[in-house]
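First residue of the sequence shown? That's 187 in my numbering, and the numbers climb one at a time after it.
Beta carbons: idealized from backbone N, C-alpha and C, even for Gly.
Structure record follows, encoded as structure tokens.
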Amino acid sequence: MIEDTINKAILHVANSVEENTKNKQAIFDQRELAKYLDTNTNTLKKYYIYEPDFPVIKQGDKLVYPRKKVDEWIDDHTQTYEDIM
187 MIEDTINKAI LHVANSVEEN TKNKQAIFDQ RELAKYLDTN TNTLKKYYIY
237 EPDFPVIKQG DKLVYPRKKV DEWIDDHTQT YEDIM
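Given below as structure tokens:
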């Protein structure tokens with residue numbers, strides 16, 4: 187009985203994670219990227235998109251940012267507290 191409840195809960199969480207992963211936006215414009223990173227566009231420009239190695243794609247006259255590459259860039263540039271102090 188408890189096992190069934192636990193299995194149902196695990197299945198529910200797994201299905202939610204799968205659904206959220208499918209619905210993730212693949213490409214962002216600046217406004218969407220700022221929202222994704224929970225910041226504003228001024229901070230985004232100051233600390234992220236003007237970095238020489240920040241991932242960007244030019245689509246016509248528009249610059250867009252691939253979510254997967256942005257996530258990788260953040261992982262690569264994340265420091266520990268000890269690293270910055």
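Residue i, buried or exposed, once every other Cβ within 10 Å from all chains shown has been counted against 16
i	result
Y233	exposed
A220	buried
Pair within 8 Å by beta-carbon distance, residue i and residue j
i	j	result
T229	Q216	no
I260	V250	no
Which listed residue (the options) has its alpha carbon closest to that of residue i
i	options	result
D262	E218, F240 and M271	F240
For residue i: DSSP bridge partner residues
i	result
Y251	F214
I243	V250
If contact is defined by three or more beta carbon pairs under 8 Å, each pair taking one atom from either stretch, is the region 252-271 in contact with the region 207-223?
yes
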